[in-house]
Amino acid sequence: MKSKVIVNILRVLILAFVIVGLFTFAHVCGDMGDMEAKCHKTRTLAIAASIVLAILAAVQIFAKKLLVEKVISVIQIVGGIFIALLPGVIAPVCDMKSMHCYVYTRPFLVIVGIVLAGVAVVDFIIRGKKNGNPSKI
0 MKSKVIVNIL RVLILAFVIV GLFTFAHVCG DMGDMEAKCH KTRTLAIAAS
50 IVLAILAAVQ IFAKKLLVEK VISVIQIVGG IFIALLPGVI APVCDMKSMH
100 CYVYTRPFLV IVGIVLAGVA VVDFIIRGKK NGNPSKI
């Protein structure tokens with residue numbers, strides 16, 4: 000029980016870091032006149048994914064059934080991979096290597112997404128071992 004709370008609080012803190020980071024040091028490009036920068040879509044999707052994953056982490060703290068916990072862990076793995084792939088594949092930032100979104104936002108989301116997926120994989124493995132069989136859901 001204690002590890003479940005710690006892992007999910009860690010997730011919520013990392014996801015809050017994503018949201019704060021996207022509005023501070025890892026912000027996307029500013030106003031570009033009549034056209035919207037490609038990175039604005041990246042930011043919007045990253046914030047939406049972070050909010051959804053944070054809500055799921057909070058739900059997982061109170062979940063009683065092991066199956067529900069494991070399903071949420073799998074969703075967290077997919078969510079971390081989604082955030083990591085977001086700036087390069089799903090909603091790519093611009094390709095100008097001098098732009099702020101390419102230099103800061105892109106690597107920030109990739110690294111944080113990998114960390115989130117890693118935490119979720121470890122959590123999934125721990126939940127499997129607590130049930131006595133790590134390979135079965």
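Following numbering that gives the first Met the number 0, the numbering of the sequence shown begins with 0 at its first residue and continues without gaps.
Idealized CB from N, CA, C, for every residue including glycine.
These numbers were taken from a predicted model, which means no experiment stands behind them.
query                                                                                                : result
Touching by the beta-carbon criterion (3+ pairs, under 8 Å), the segment 18-35 and the segment 62-71 : no
Local Cβ density within 10 Å of Leu115, reported as buried at 16 or more and exposed below that      : buried
Under 9 Å between C-beta atoms of Ile113 and Gly79                                                   : yes
N-terminal and C-terminal residue of the alpha helix (DSSP H) that Ser72 is part of                  : Leu65 to Leu84
Exposure of Ser49, with buried meaning 16 or more beta-carbon neighbours within 10 Å                 : buried
Residue range of the alpha helix (DSSP H) that includes Ala15                                        : Lys1 to Phe22
Cβ-based burial, Thr41 [other Cβ within 10 Å; buried from 16]                                        : buried
Status (buried if at least 16 other CB within 10 Å, exposed otherwise) for Ala47                     : exposed
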